[in-house]
Amino acid sequence: MREVERQSGAVGGGIPTGDRPPADRGPRPFTRGRDFRSRRKVCSFCVDHVREIDYKDVQRLRRYLSDRGKIEPRRKTGTCAKHQRRLTVALKNARFMALLPYTASHIRGS
1 MREVERQSGA
11 VGGGIPTGDR
21 PPADRGPRPF
31 TRGRDFRSRR
41 KVCSFCVDHV
51 REIDYKDVQR
61 LRRYLSDRGK
71 IEPRRKTGTC
81 AKHQRRLTVA
91 LKNARFMALL
101 PYTASHIRGS
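In the numbering used here, the protein residues as written are 1 to 110.
Right under this line is the structure:
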């Protein structure tokens, strides 16, 4: 049985591996020396030395909501874990006090 696998070039089942030359595998993206990793974003609250996030500061809080009214994740906004937790509480307080919407206006139907 092992000799049959070695002769056919198959590993663990029916499809032979490495039967196409590297040129036939499809085009590779032309990178021109660029690295695809984007630069890590810096927490704007840490940069400004903000101790507490005020739920009444609607202009600042709006930057952390999507167009549908959802809270943006850390990987998109660049906030640190501590400030993301505080930001979430502030956004929820602002929603409760009717300073920010729970959903976007086009979803609510008005």
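Heads up, the beta-carbon is just placed ideally off N, CA and C, and yes, glycines get one too.
Ile-107 classed as buried or exposed, judged by whether at least 16 other C-beta atoms fall within 10 angstroms
The sequence position of residue 107 within the sequence shown is 107, counting from 1. Exposed, because fewer than 16 other Cβ atoms sit within 10 Å of the Cβ of Ile-107.
DSSP three-state call for Ile-53: helix, strand or coil?
Here residue 53 is taken as the residue at index 53 of the sequence shown, counted from 1. DSSP places Ile-53 in the coil class of the three-state scheme, outside both helix and strand.
Quick one: what does DSSP say Leu-65 is sitting in, helix, strand or coil?
As a working note, residue 65 is residue 65 in the sequence shown. Of the three classes helix, strand and coil, the one that applies to Leu-65 here is strand, per DSSP.
To the nearest angstrom, how far is the alpha carbon of Phe-45 from that of Ala-94?
The count along the sequence shown starts at 1 and reaches residue 45 at position 45. The count along the sequence shown starts at 1 and reaches residue 94 at position 94. Taking the straight line joining both Cα atoms gives about 18 Å.
Is His-49 buried or exposed, if buried means 16 or more other CB atoms sit within 10 Å of its CB?
Here residue 49 refers to the residue found at position 49 of the sequence shown. When all chains shown are included, His-49 counts as exposed.
According to DSSP, Ile-71 sits in a beta bridge with which residue or residues?
Within the sequence shown, residue 71 is the residue found at index 71, counting from 1. Note: Ile-71 sits in a beta bridge opposite Leu-65.
What's the gap between the Cα of Cys-80 and the Cα of Arg-86?
Position 80 of the sequence shown, counted from the first residue, corresponds to residue 80. Position 86 of the sequence shown, counted from the first residue, corresponds to residue 86. Roughly 10 Å separates the two Cα atoms.
Give the C-beta separation of Leu-100 and Val-47 to the nearest angstrom, bearing in mind that I take them to be a contact with Cβ-Cβ under 8 Å.
Within the sequence shown, numbered from 1, the residue matching residue 100 stands at position 100. Within the sequence shown, numbered from 1, the residue matching residue 47 stands at position 47. Going by Cβ atoms, the distance from Leu-100 to Val-47 rounds to 23 Å, so no, they are not a contact pair.
Short check: CB of Ala-90 to CB of Leu-65, under 9 Å?
In the sequence shown, counting from the first residue as 1, residue 90 sits at position 90. In the sequence shown, counting from the first residue as 1, residue 65 sits at position 65. No.
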